[in-house]
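S.K.: Residue numbers (my numbering): 4 to 369.
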């Protein structure tokens with residue numbers, strides 16, 4: 004008997020009832036739910052696209068109800084991206100044309116052969132050990148061959164892709180510290196058990212969770228570039244459409260994905276065009292001034308708010324095909340870029356999203 008897929012919830016809605024032949028997990032993995040077929044959750048989808056245009060923004064934090072398509076959206080976006088070029092035989096997936104950021108093995112190579120590989124999406128489970136995350140001594144080779152060899156961990160697998168952490172607010176402190184170090188340096192350093200390894204580890208960090216189950220450590224919260232809120236759809240037509248699409252997908256993932264190929268291809272071309280245009284998008288001094296004034300009005304800590312706001316607005320402008328960032332781009336990304344950077348105000352019990360929107364109206368008008 005084939006195992007049942009843990010389908011979760013897709014398309015931004017409620018858990019879909021399973022009422023068809025059970026598909027092997029491998030089949031569903033080969034055909035992720037189409038990104039264009041996700042119903043609703045527009046802010047989450049836009050934040051993921053912006054992070055894909057400019058990974059330097061710092062990842063996406065998705066907080067909200069269970070079963071609202073968070074992991075489905077991440078895997079759908081990764082499948083949307085074109086295959087990346089990697090060095091043949093490199094355990095870290097280094098880019099052969101990269102002038103910097105190569106691992107020691109690739110840097111020592113004279114002529115690197117290239118191949119293509121899908122963009123990785125790596126799950127970091129809450130119960131993962133430190134060795135599993137950063138890598139450790141390959142015990143099998145050590146015992147059978149007497150050789151000290153490094154076995155790469157999850158950070159190595161996620162290089163140039165996505166590292167997804169479900170229930171990120173429940174992540175153990177020692178793993179949070181590891182992620183903070185890697186996020187700051189863009190490389191993973193392992194020195195233990197007689198081995199010393201340093202390899203690149205650049206990835207888009209995507210975390211999800213339910214705020215009712217615990218708060219995220221401020222240090223890690225600040226590392227996420229964008230923060231979005233997702234809610235269970237409350238209108239009947241949307242809920243029905245979510246269930247209908249998920250049911251159709253689970254009955255035949257390949258056929259359903261094929262139906263959305265054209266729409267996904269449009270998004271893919273737009274995303275690639277945005278990446279090419281990103282360095283040419285202009286940000287005026289007036290826009291930077293307005294961004295800084297908005298952060299001052301909200302009382303955000305540090306300067307990472309302004310930097311993220313500027314980068315996100317520029318990526319959105321590139322995705323829209325604009326040559327320069329406008330106030331409208333700034334307004335559209337401000338809630339996601341700033342809502343998780345606000346200080347607690349004991350005299351103001353309104354939500355962070357409401358406070359950002361109120362500041363936007365005061366700064367730019369209704």
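From the three backbone atoms N, C-alpha and C, an ideal C-beta is built for every residue, glycine too.
Determine the contact status of residue 290 and residue 328, defining contact as a CB-CB distance below 8 Å.
M.R.: For the purposes of this step, residue 290 is identified with residue 287 of the chain shown, where counting begins at 1. For the purposes of this step, residue 328 is identified with residue 325 of the chain shown, where counting begins at 1. Contact: yes.
S.K.: Let me confirm a value: residue 44 is counted as buried when at least 16 other C-beta atoms fall within 10 Å, else exposed. Which label applies?
M.R.: Taking the first residue of the chain shown as 1, we reach residue 44 at position 41. Looking at its Cβ environment, which holds 16 or more other Cβ atoms inside 10 Å, residue 44 is buried.
S.K.: Where does residue 189 sit, in a helix, a strand or coil, going by DSSP?
M.R.: The count along the chain shown starts at 1 and reaches residue 189 at position 186. DSSP places residue 189 in coil when its eight states are reduced to three.
S.K.: So, are the CB atoms of residue 105 and residue 137 less than 8 Å apart?
M.R.: Numbered from its first residue, the chain shown carries residue 105 at position 102. Numbered from its first residue, the chain shown carries residue 137 at position 134. No, the Cβ-Cβ distance between residue 105 and residue 137 is not below 8 Å.
S.K.: From the beta carbon of residue 270, is the nearest beta carbon of chain D less than 8 Å away?
M.R.: No chain D is present in this structure, which holds just one protein chain.
S.K.: Considering only the alpha carbon of each residue, which of 263, 239, 267, 69 lies closest to residue 85?
M.R.: Counting from 1 along the chain shown, the entry for residue 85 is found at position 82. Ranking 263, 239, 267, 69 by Cα distance to residue 85 puts 267 first.
S.K.: On the CB-based measure, 16 or more other CB atoms within 10 Å of its CB, does residue 177 come out buried or exposed?
M.R.: Looking up residue 177 in the chain shown gives position 174. Per the 10 Å Cβ criterion, exposed.
S.K.: Runs of 4 residues minimum, wholly inside the stretch 304 to 353: which ones carry the alpha helix (DSSP H) assignment?
M.R.: Listed in chain order, the complete alpha helix (DSSP H) runs (minimum 4 residues) inside the stretch 304 to 353 are 307 to 323, 330 to 341.
S.K.: Between which two residues does the alpha helix (DSSP H) holding residue 198 run?
M.R.: Here residue 198 is taken as the residue at index 195 of the chain shown, counted from 1. No alpha helix (DSSP H) contains residue 198, which is instead part of the beta strand (DSSP E) from 198 to 203.
S.K.: Mind checking who residue 155 pairs with in its DSSP beta bridge?
M.R.: Start at 1 with the first residue of the chain shown, and residue 155 comes out as number 152. DSSP lists 138 as partners of residue 155.
S.K.: Along the chain, where does the alpha helix (DSSP H) that runs through residue 169 open and close?
M.R.: As a position in the chain shown, residue 169 is number 166, starting the count at 1. From DSSP, residue 169 is part of no alpha helix (DSSP H) but of the beta strand (DSSP E) over 165 to 169.
S.K.: Can you tell which of 262, 253, 129 has its C-alpha closest to the C-alpha of residue 167?
M.R.: Against the chain shown, residue 167 aligns to sequence position 164. The shortest Cα separation from residue 167 among 262, 253, 129 belongs to 129.
S.K.: Compare the beta carbon distance of residue 340 and residue 284 with 8 Å and say whether it is the shorter of the two.
M.R.: Numbered from 1 along the chain shown, position 337 holds the residue referred to as residue 340. Numbered from 1 along the chain shown, position 281 holds the residue referred to as residue 284. Contact: no.
S.K.: Starting from residue 64 and walking both ways along the alpha helix (DSSP H), at which residues does that stretch end?
M.R.: Taking the first residue of the chain shown as position 1, residue 64 is located at position 61. Looking at the DSSP string, residue 64 is not in any alpha helix (DSSP H); the run it does join, the beta strand (DSSP E), is 63 to 67.
S.K.: Per DSSP, which one or two residues make a beta bridge with residue 195?
M.R.: What you label residue 195 is simply residue 192 of the chain shown in a count that begins at 1. According to DSSP, which records beta bridges pairwise, residue 195 is partnered with 198.
S.K.: Can you tell me the Cβ-Cβ gap for residue 232 and residue 356, rounded? I've got them flagged as a contact below 8 Å.
M.R.: Position 229 of the chain shown, counted from the first residue, corresponds to residue 232. Position 353 of the chain shown, counted from the first residue, corresponds to residue 356. Yes, they are in contact, since the Cβ atoms of residue 232 and residue 356 sit about 7 Å apart, within 8 Å.
S.K.: Between the Cα of residue 58 and those of 286, 345, 367, 278, spot the shortest distance and give me the residue it belongs to.
M.R.: Taking the first residue of the chain shown as 1, we reach residue 58 at position 55. Checking every option, the nearest Cα to that of residue 58 belongs to 278.
S.K.: Answer with buried or exposed for residue 121, where buried requires no fewer than 16 other C-beta atoms within 10 angstroms of its C-beta.
M.R.: Taking the first residue of the chain shown as position 1, residue 121 is located at position 118. So residue 121 ends up on the exposed side.
S.K.: What's the C-alpha gap between residue 169 and residue 207?
M.R.: Locating residue 169 in the chain shown gives position 166, counting from the first residue. Locating residue 207 in the chain shown gives position 204, counting from the first residue. Their Cα atoms are separated by approximately 14 Å.
S.K.: Output the boundary residues of the beta strand (DSSP E) element that contains residue 88.
M.R.: Within the chain shown, the letter at position 85 stands for residue 88. Here the beta strand (DSSP E) through residue 88 covers 87 to 90.
S.K.: DSSP three-state label for residue 179, please.
M.R.: The count along the chain shown starts at 1 and reaches residue 179 at position 176. Three-state DSSP puts residue 179 in a helix.
S.K.: Fully enclosed by the stretch 221 to 261, which beta strand (DSSP E) runs are 3 residues long or longer?
M.R.: DSSP runs (the beta strand (DSSP E)) wholly in the stretch 221 to 261: 229 to 233.
S.K.: What are the boundary residues of the alpha helix (DSSP H) that includes residue 79?
M.R.: Along the chain shown, read from residue 1 onward, the residue named residue 79 stands at position 76. Where residue 79 is concerned, the enclosing alpha helix (DSSP H) stretches over 73 to 83.
S.K.: Quick one: what does DSSP say residue 122 is sitting in, helix, strand or coil?
M.R.: Taking the chain shown and counting its residues from 1, one reaches residue 122 at position 119. Note: residue 122 maps to coil in three-state DSSP.
S.K.: Going by beta carbon distance, what residues of the same chain come within less than 6 Å of residue 73, once the five residues before and after it are set aside?
M.R.: As a working mapping, residue 73 is identified with position 70 in the chain shown. Excluding residues within five positions, the ones whose Cβ falls inside 6 Å are 65, 211.
S.K.: Taking its Cβ as the centre, do 16 or more other Cβ atoms sit within 10 Å of residue 292, making it buried, or is it exposed?
M.R.: On the chain shown, position 289 is the one that residue 292 refers to. Counting Cβ neighbours within 10 Å, residue 292 comes out exposed, since fewer than 16 surround it.
S.K.: Within 10 angstroms of its Cβ, does residue 225 collect 16 or more other Cβ (buried), or is it exposed?
M.R.: Within the chain shown, residue 225 is the residue found at index 222, counting from 1. That one is buried.
S.K.: For the beta strand (DSSP E) that residue 291 lies in, which residues bound it at each end?
M.R.: Within the chain shown, numbered from 1, the residue matching residue 291 stands at position 288. Careful: residue 291 lies outside any beta strand (DSSP E), inside the alpha helix (DSSP H) at 288 to 301.
S.K.: Which residue marks the beginning of the alpha helix (DSSP H) containing residue 355, and which one marks its end?
M.R.: As a first step, residue 355 must be located in the chain shown, where it is residue number 352. Its alpha helix (DSSP H) spans residues 355 to 367.
S.K.: Helix, strand or coil: how does DSSP classify residue 207 here?
M.R.: Locating residue 207 in the chain shown gives position 204, counting from the first residue. In this structure, residue 207 counts as strand in the three-state DSSP scheme.
S.K.: Please classify residue 230 as buried or exposed, where buried requires at least 16 other C-beta atoms within 10 Å of its C-beta.
M.R.: What you label residue 230 is simply residue 227 of the chain shown in a count that begins at 1. Classification of residue 230: buried, given that the 10 Å Cβ count is 16 or more.
S.K.: What residue from 337, 61, 244, 173 has the CA that sits closest to residue 216's CA?
M.R.: Along the chain shown, read from residue 1 onward, the residue named residue 216 stands at position 213. Selected option, being the one with the closest Cα: 173.
S.K.: Confirm, please, whether the CB-CB distance from residue 367 to residue 330 is below 8 Å.
M.R.: Taking the chain shown and counting its residues from 1, the one referred to as residue 330 is at position 327. Taking the chain shown and counting its residues from 1, the one referred to as residue 367 is at position 364. Going by C-beta atoms, residue 330 is nearer than 8 Å to residue 367.
S.K.: Count the other C-beta atoms from every protein chain shown that fall within 10 angstroms of the C-beta of residue 35, then say buried if there are 16 or more, exposed otherwise.
M.R.: Position 32 of the chain shown, counted from the first residue, corresponds to residue 35. The residue in question, residue 35, is buried, as its Cβ has 16 or more Cβ neighbours within 10 Å.
S.K.: Measuring CA to CA, which of 280, 244, 112, 359 is closest to residue 294?
M.R.: Numbered from 1 along the chain shown, position 291 holds the residue referred to as residue 294. Selected option, being the one with the closest Cα: 359.
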